[in-house]
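Take a look at the structure set out below.
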Amino acid sequence: MKILHLDSSILGDNSASRALSAETVTHLKNSHPEAEIIYHDLAAQPVPELGSGHVGARFGAEVTDEALQADLARGNAFIDELIAADVVVIGVPMYNFTVSAQLKNWIDRIVVAGKTFRYGDNGPIGLLPEARRPF
Ligand SMILES: Cc1cc2nc3c(=O)[nH]c(=O)nc-3n(C[C@H](O)[C@H](O)[C@H](O)COP(=O)(O)O)c2cc1C
């Protein structure tokens with residue numbers, strides 16, 4: 012079993028979502044001791060917000076900036092991890108009526124047409140394995 016565990020709260024040790032996600036992963040580990048866990052703290056190692064360079068790269072522009080190259084590689088790794096994961100546990104705070112900017116920046120990396128979704132006649136269709144369900 013592969014578990015992808017993300018935290019995205021900016022409140023550190025005072026975070027409720029971090030406590031909840033940690034408890035969930037502990038519960039999973041107890042029932043699946045062999046589980047492989049990939050963890051990202053999206054507040055401690057923030058994902059930069061999406062910029063014109065990312066969009067250009069997505070549409071085939073040559074990328075010469077090393078920082079952008081590294082960031083694009085990180086984004087691709089996020090997608091690979093998501094597709095490979097059997098369970099995804101995300102600590103999600105609500106700030107100002109939406110998810111944290113830290114999590115939104117990760118979402119902006121993994122929502123890629125042809126990889127994690129495709130456009131259908133009636134809207135987007137997810138491409139992740141069908142066994143995924145909210146936990
Ligand atoms: C900047 C900020 C904005 C918030 N906005 C909302 C909100 O719009 N709606 C809400 O129900 N709670 C809001 N809250 C309360 C948080 O959802 C609550 O503190 C929650 O515990 C945050 O998750 P965390 O502890 O994991 O960071 C806000 C908290 C902060 C610090």
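Just so we're aligned, residue 12 is where the sequence shown starts under our numbering, counting upward by one. From the three backbone atoms N, C-alpha and C, an ideal C-beta is built for every residue, glycine too.
Inclusion of L22 and W117 in the CB contact set at 8 Å is not warranted, their separation being larger than that value.
Residue range 128–131 is occupied by the beta strand (DSSP E) that includes G131. Taking non-hydrogen atoms of ligand 1 into account, the C-beta of A88 is found less than 7 Å away from none of them. Here K40 is actually not in contact with A33; their C-beta atoms are around 10 Å apart, not less than 8 Å.
Going by DSSP, E47 is part of no alpha helix (DSSP H) but of the beta strand (DSSP E) stretching over 47–52. By the beta-carbon neighbour count (other beta carbons within 10 angstroms, threshold 16), A124 is exposed. Per the Cβ contact rule, the segment 68–79 is not in contact with the segment 46–58 (fewer than 3 Cβ pairs under 8 Å). Distance from the Cα of E92 is smallest, within the candidate group P140, S26, D24, for P140. Counting along the chain, the unbroken alpha helix (DSSP H) around G67 starts and ends at 63–69. Every residue whose beta carbon comes nearer than 7 Å to a heavy atom of ligand 1 appears here in chain order: S20, I21, L22, N25, S26, A27, S28, R29, G102, P104, M105, Y106, N107, F108. Boundaries of the beta strand (DSSP E) around L17: 13–18. In terms of CA proximity to P44, I14 leads the group A84, I14, A78.
Rounded to the nearest whole angstrom, the C-alpha separation of R29 and V103 is 8 Å.
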